[in-house]
Amino acid sequence: MIHKQKFYLKKPTLGLRLKNNKCEWCGKETNNLKVYQVKKLKDLIDEYAWHVFMKSINRKTLVVCNECFEKINNSNEE
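Everything in the sequence shown is counted per the UniProt record's numbering, starting at 1 for the first residue and increasing by one.
Here's what the structure looks like:
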């Protein structure tokens with residue numbers, strides 16, 4: 001009997017998430033994506049919906065389209 005090792009990705013890697021060509025926030029399909037990144041998940045506050053979303057998927061990065069990236073950055077500056 002030959003033992004075959006199975007490999008599973010626990011979570012999609014950033015590369016796979018970028019290759020998906022889909023904004024993780026609004027769902028728009030586009031080739032022009034940016035990555036919104038935070039240093040620590042525990043520093044996120046529940047004031048912003050994308051912070052709650054990032055906590056729920058347990059990711060410090062969010063792959064978003066240009067429009068969503070601008071909205072996120074403009075909201076964080078206020």
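Ideal Cβ positions, reconstructed from N, Cα and C, are used throughout, including at glycine.
Residue i (DSSP reduced to helix, strand or coil)
i: Cys68; result: helix
i: Ile44; result: Reading off the sequence, residue 44 comes out as Leu, not Ile. The answer is coil: DSSP assigns Leu44 none of H, G, I, E or B.
i: Lys19; result: helix
i: Lys55; result: helix
Alpha-carbon spacing of residue i relative to residue j, whole angstroms
i: Asn76; j: Ala49; result: 12 Å
i: Gly15; j: Val35; result: 11 Å
i: Lys42; j: Lys11; result: 19 Å
i: Lys22; j: Val52; result: 19 Å
i: Val38; j: Leu18; result: 17 Å
Cβ pair residue i, residue j closer than 8 Å
i: Lys55; j: Leu62; result: no
i: Thr30; j: Cys65; result: yes
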